[in-house]
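S.K.: First to last, the protein sequences are chains L and A.
Under the working numbering, the residues of the first sequence are numbered 107 to 558, in order.
Under the working numbering, the residues of the second sequence are numbered 107 to 558, in order.
Number of protein chains: 2
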Amino acid sequence: MIQTDVLVIGSSAAGLVAATTGKRVYPDKKFMVATMMPKTLIPCGIPYIFGTVRNSNNDILPSDTMFEANHIDVIYDTVTSIDKNNRTVYFKGEEPVGYDKLVLGMGSTPVKPSWLKGADLDNVFLVPKNKVYLDEMQEKLKTCNRIVTIGAGFIGVEISDELKKAGKEVVLIEKLPNVLGLAFDQDISGRVQQMLAERGIVIRTGISVKEVYGRRKAEGVLLENGEEIEADAVILALGYAPNTGLAAKAGINISDQGFIKVDDYMRTRDPHIFAVGDCAEKRDYFTRKPVPIMLASTACAEARIAGMNLYKLCAIKTFIGTISIFSTAIGNTGFGVAGLTENRAIEEGFDIVTGIFEGIDRHPGTLPDAHKQYVKLVVGKESGFILGGAVYGGLSIGELINTIGIIIENKIAINSLLTSQIGTHPLLTASPAGYPLIKAAEAASSQIMFTH
Amino acid sequence: MIQTDVLVIGSSAAGLVAATTGKRVYPDKKFMVATMMPKTLIPCGIPYIFGTVRNSNNDILPSDTMFEANHIDVIYDTVTSIDKNNRTVYFKGEEPVGYDKLVLGMGSTPVKPSWLKGADLDNVFLVPKNKVYLDEMQEKLKTCNRIVTIGAGFIGVEISDELKKAGKEVVLIEKLPNVLGLAFDQDISGRVQQMLAERGIVIRTGISVKEVYGRRKAEGVLLENGEEIEADAVILALGYAPNTGLAAKAGINISDQGFIKVDDYMRTRDPHIFAVGDCAEKRDYFTRKPVPIMLASTACAEARIAGMNLYKLCAIKTFIGTISIFSTAIGNTGFGVAGLTENRAIEEGFDIVTGIFEGIDRHPGTLPDAHKQYVKLVVGKESGFILGGAVYGGLSIGELINTIGIIIENKIAINSLLTSQIGTHPLLTASPAGYPLIKAAEAASSQIMFTH
């Protein structure tokens, strides 16, 4: 049996960052990572291997290099069980590893719907974070022209857009009334939908798929209204489920929703075991309700907290709940959202106002490369707290949504935001007099003032 | 005599935002703006009229439309004097205006150095915020091929780069050791300098100009070492001085540095008179020392505070000092800085560490349009406060530097930043595991931990 101080299971974003952060903070401890995958994919890059980046070899996390540079040992093998009483992890091939601290970063697996007839046919694909599977899928898709994607969350939307770019005919089917309907309000999801349509993707919302039909191979999908859509391949983008089988078998607490239960320091109830990333339970920042958010960025924040708190608690590093921050791009237009949408806030019972402003992300707006920049803020009417924000515009909104994330996380009230100092430049941002984030804050503030 | 509730002098960023904010918050008050300029230029856009936006007509602030939309009256005339005892402003042509509240947003004028022989020759230009002057200058520059710019602050650098783009031969002369040497540390200013040189601009730093020579017209400049550089035109980009003549004559307090003295609510000592923007005194956020920062974005933040506080003080809207946030771009590379540079922090006596990280602003880095993204944070060693940040990278750094600005302004400590939740996306940002802002925070934090 090998002995280590810290064993991390998983080498994707969560595992990688937990191990490297831990080693940075506790350089004298021996760290080891166990992973099934010799090459770990950058998870959010997966849709882009079907178009823009062309090949999964261009989408590899530099885990190996980082582990080596940080003197972290790696075991390439499958974990078969965890014995938490004896603090030992067992492997398929390698000898067991004894640990002092164990970090579970086992990620998630695509949901394969048991209710969907035909889901096992050939050319019906999931989108797992698995290079071997995806390489084979990509090879098979070469001979497929008509693709149906089921599920218009981020992965479904992104992969559809990429396959369209690669020259395929794509139909995207979503049972909710809007694409990205869980992430965005209708103001933004409507725009995403319009852009996808303009790019030639056929979109069917508000309708369910009843079955995938075909003999051996998928030949099309049957909708609940009896309509048939022919297809050479079908992609199931119906979300992901946490990988918690090993943890459950080991007697580690699992939540009702199927995630590993953790405290604010990412500790399970076993003081020697932490869990981070997709397999760990998340709670909403504003309601403390469990939320099934799976984001590499959230995983990294959690992994940093776990890594720092492995051997001592640094009180200020509590994880104060998940502010889901999503962003994506279609062509040269970016879309982002942080915190609560207007719909979610109202559903949860918050008394809110919204402030909206649409400006231009260069000034003067006649500059080349100028895009509209739209900002919506969701603000607590009595508290003045910013509960959420959503944006679209040029690609710089990827950073702008993080400004809003920082504002939410640090409970900066609307009145402070209103007079915040921001920097502007003709070639980089909107004008100082028309900076959409500040103007949206003004719009929200006016409503609070005049409705009290 | 005309009577108004609020009179704003100036229609550039400061005046425009003071008037429109004031009207939003006090819709029942009568607002009036007095301006000399029928067309106000977007100030930070001025360098770009010489290249990218081609013509000053493409760089006009939409003040007229905004005043009309907000029911704000405008007087196009020159103010001749202010009688603060009788609360009356006198004009060259128009009849006097009586006010209840007066907001001074009179801006600044380029410094014309009395020590520089030949500064009055033809084809020696300043860069005033004056459309008539700039149109004439642009016309004259058409026949000039060899341009010398004296002063490598933002205006000097930007105008040189634009004139080079427009096909001119440009020599940029700076007496400090580095271009943009007041705004950036050597790590970034060195890179700016290298980029400008690669674009064919001849840069001479660490040397002063003794005189501009020529008969009637500038024919070149003589350096302090005796060297001559031939030129068809010379541009003096030596900074700006606040326009405070009228205020001084009216008996309004002026600081030793020549700015109108204001309190945290942008009020002068006369309770009926406010001052905002370039003509108003600014104090550094960290030291409270007066600083000669002139930025449209700062002016707008001040103007919002003045506008909101015209008739009642909303305590939370105090102006807590100026965090200078500068950004600029050369080609597709953006540069930004917020708060204190490393040099300034050390000069001021702060006990600091710095954290630096260079990553890539897309992930995987093989995606098209990926740029390096460099972040440096200056952190108080004992306090953990973030005193400053500087960045360069793709054009999204224009928004990223504002995230850093918000972090500084809200005193978010390094430990909170370290585990901040950020959103990432392959086409929009760096990877979650290698997000430069967080990695720079880690680098700073490690130094604090291991040096205590």
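Glycine included, each C-beta is placed from N, C-alpha and C at the ideal position.
Would DSSP call A:Glu317 helix, strand or coil?
M.R.: Reduced to three states, the DSSP call for A:Glu317 is strand.
S.K.: Would you check if there are 3 or more beta carbon pairs closer than 8 Å linking the region 434–445 of chain A to the region 524–536 of chain A?
M.R.: Cβ pair count under 8 Å is below three, so no.
S.K.: Determine which residues share a DSSP beta bridge with A:Ala496 and list them.
M.R.: Beta-bridge pairing links A:Ala496 to A:Val443 and A:Lys482.
S.K.: Could you pull the start and end residues of the alpha helix (DSSP H) that A:Asp293 belongs to?
M.R.: Gln292 to Glu304 is the extent of the alpha helix (DSSP H) around A:Asp293.
S.K.: CB L:Val114 to CB L:Val195, shorter than 8 Å?
M.R.: Contact flag unset, no.
S.K.: For A:Pro538, tell me which candidate among L:Met107, L:Thr249, L:Leu524 and L:Ala120 has the shortest Cα-Cα distance.
M.R.: Ranking L:Met107, L:Thr249, L:Leu524 and L:Ala120 by Cα distance to A:Pro538 puts L:Ala120 first.
S.K.: Under 8 Å between beta-carbons, which chain L residues line up against A:Leu493? List them in chain order, please.
M.R.: Per Cβ cutoff of 8 Å: no residues; A:Leu493 is ~15 Å from chain L at best.
S.K.: Give the DSSP-derived three-state secondary structure of A:Gly151 in the structure shown.
M.R.: Note: A:Gly151 maps to helix in three-state DSSP.
S.K.: Using DSSP with H/G/I as helix, E/B as strand and the rest coil, what is L:Ala549?
M.R.: Looking at L:Ala549 - three-state DSSP - the assignment turns out to be helix.
S.K.: In the DSSP output, which residue or residues are listed as bridge partners for A:Ala381?
M.R.: Paired residues: A:Leu210.
S.K.: To which residues does DSSP link A:Tyr196 through a beta bridge?
M.R.: Looking at the DSSP assignment, A:Tyr196 forms a beta bridge with A:Ser187.
S.K.: Quick one: residues in its chain with C-beta nearer than 8 Å to the C-beta of L:Ile458, no 5 flanking neighbours on either side, listed in chain order?
M.R.: Taken in chain order, the residues that qualify are Glu448, Ala451, Ile452, Val484, Val485, Gly486, Lys487 and Leu493.
S.K.: Looking only at its own chain, which residues have a Cβ that is under 6 Å from the Cβ of A:Gly465, when we skip the five neighbours before and after it?
M.R.: Within the same chain, A:Gly465 has close Cβ partners Gln479, Ala536, Gly540 and Pro542.
S.K.: From which residue to which residue does the alpha helix (DSSP H) around L:Ser169 run?
M.R.: Ser169 to Ala175 is the span of the alpha helix (DSSP H), which, as asked, contains L:Ser169.
S.K.: Unbroken beta strand (DSSP E) runs of length 3 or more, entirely within the region 307–366 of chain L: which are they?
M.R.: Within the region 307–366 of chain L, the complete beta strand (DSSP E) runs of at least 3 residues are 308–311, 315–319, 326–329, 334–336, 339–342 and 346–348.
S.K.: DSSP has L:Val114 in a bridge; who is on the other side?
M.R.: DSSP, once it has assigned bridges, lists L:Val139 and L:Val209 as partnering L:Val114.
S.K.: Which of helix, strand or coil does DSSP assign to L:Val238?
M.R.: Note: L:Val238 maps to helix in three-state DSSP.
S.K.: Once you ignore the five residues that flank A:Leu147 on each side, which residues in its own chain have a CB closer than 6 Å to its CB?
M.R.: Result list for A:Leu147: Asp165, Lys235 and Lys237, in chain order.
S.K.: Indicate the three-state DSSP secondary structure (helix, strand or coil) for A:Ser403 in the structure shown.
M.R.: Helix at A:Ser403.
S.K.: Which term fits L:Asn438, buried or exposed, when burial requires 16 or more other beta carbons within 10 angstroms of its beta carbon?
M.R.: Answer is exposed; the Cβ neighbour count stays below 16.
S.K.: Which of the residues in the region 122–143 of chain L, read from start to end, lie with their CB under 7 Å from any CB of chain A?
M.R.: The region 122–143 of chain L vs chain A, Cβ under 7 Å: Leu122, Val123 and Arg130.
S.K.: The beta strand (DSSP E) with A:Ala435 in it runs from where to where?
M.R.: That run of the beta strand (DSSP E) goes Ile431 to Ile436.
S.K.: Could you please give me the residues that DSSP links to A:Tyr182 through a beta bridge?
M.R.: Answer by DSSP bridge pairing, in chain order: A:Thr141.
S.K.: Give the DSSP-derived three-state secondary structure of A:Gly121 in the structure shown.
M.R.: Note: A:Gly121 maps to helix in three-state DSSP.
S.K.: Let me see if you follow: with CB-CB separation under 8 Å, is L:Tyr371 close to chain A or not?
M.R.: For L:Tyr371, the answer is no, since every Cβ of chain A falls outside 8 Å of its Cβ.
S.K.: What does L:Cys150 touch in chain A if you count any residue whose Cβ is under 9 Å from its own?
M.R.: Within 9 Å Cβ-Cβ: His469, Thr530, His531, Pro532, Ser537 and Pro538.
S.K.: Give the range of the alpha helix (DSSP H) segment to which L:Leu506 is assigned.
M.R.: Residues Ile503 to Glu515.
S.K.: Distance, Cα to Cα, L:Lys248 vs L:Leu282?
M.R.: Rounded to whole angstroms, L:Lys248 to L:Leu282 spans 30 Å at the Cα level.
S.K.: What separation, rounded to the nearest whole angstrom, lies between the Cα atoms of A:Lys395 and A:Val180?
M.R.: Using only the alpha carbons, I get a separation of about 36 Å.
S.K.: In this structure, how does DSSP classify L:Thr126 when only helix, strand and coil are distinguished?
M.R.: In this structure, L:Thr126 counts as helix in the three-state DSSP scheme.
S.K.: Is A:Ile253 helix, strand or coil by DSSP?
M.R.: Strand.
S.K.: Could you check whether L:Lys271 and L:Thr158 sit closer than 8 Å to each other, using their CB atoms as the reference points?
M.R.: The answer is yes: Cβ separation under 8 Å.
S.K.: A:Glu515 touches chain D at which residues, Cβ-Cβ below 7 Å?
M.R.: Any reference to chain D falls outside this structure, whose protein chains are L and A.
S.K.: Taking DSSP as the reference, what is the three-state secondary structure of A:Gln527?
M.R.: Three-state result, A:Gln527: coil.
S.K.: Is the Cβ of L:Cys250 closer than 8 Å to any Cβ of chain A?
M.R.: No, no contact with chain A.
S.K.: Counting only Cβ pairs nearer than 7 Å, list the residues of chain A close to L:Val159.
M.R.: What L:Val159 touches in chain A: Pro470, Thr472 and Leu473.
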